[in-house]
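Let me begin by presenting the structure, written as C-alpha cells, before commenting on it.
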Amino acid sequence: MGDVLGYLVTVAILLLIATAVVAGVVIAYAKVPIEKKYENAGGGFGGAFDAIWMPSAHEAGMERDRQTKRTAPAPSPGDPPDTIDQGRITLDL
Numbered sequence: 001m002g003d004v005l006g007y008l009v010t011v012a013i014l015l016l017i018a019t020a021v022v023a024g025v026v027i028a029y030a031k032v033p034i035e036k037k038y039e040n041a042g043g044g045f046g047g048a049f050d051a052i053w054m055p056s057a058h059e060a061g062m063e064r065d066r067q068t069k070r071t072a073p074a075p076s077p078g079d080p081p082d083t084i085d086q087g088r089i090t091l092d093l
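Residue numbers (full-length UniProt numbering): 1 to 93.
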C-alpha cells in the first residue's frame with residue numbers, strides 16, 4: 001500500500017509541475033502583443049499554430065506583411081503638391 005501511495009504522490013507532483021509549466025507558457029505567450037510575437041525566429045513557429053488554430057491571427061499577419069511591403073504612390077513631376085505647410089510638403093494618401 002505504501003508503494004502505491006508513493007507512486008501516486010510522485011505522479012501527482014509531476015502532473016502539477018507540468019500543468020504549471022504549460023499554464024505559464026500560455027499566459028506569457030498571451031500577454032505578448034502580436035507585433036512582438038513575429039519579430040524573432042520563434043514567431044514563425046507560433047505562426048504555424050496560429051494558421052491552424054487561430055486563422056484570423058494568421059490572416060492578420062499576412063495582411064500586415066502585405067501592407068508593409070506596399071509602397072506609397074509617387075506624385076508625378078507636373079502635379080502640384082497637395083499641401084504646403086511652412087515649406088513642408090504633405091501628401092494625403
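For every residue, glycine included, the Cβ atom is placed at its ideal position computed from N, Cα and C.
Where the alpha helix (DSSP H) containing residue i begins and where it ends
i	result
Arg70	Unbroken run through Arg70: none, as it is neither H nor E.
Asp79	Here Asp79 belongs to no alpha helix (DSSP H), and DSSP marks it neither H nor E.
Ala18	2-31
Per-residue burial, residue i [other beta carbons within 10 Å of its own, 16 or more giving buried]
i	result
Gly6	exposed
residue 106	Any question about residue 106 goes unanswered here, given that the chain covers just 1 to 93.
Top-ranked residue by Cα proximity to residue i, from the options
i	options	result
Pro33	Ala57, Asp3, Pro73	Ala57
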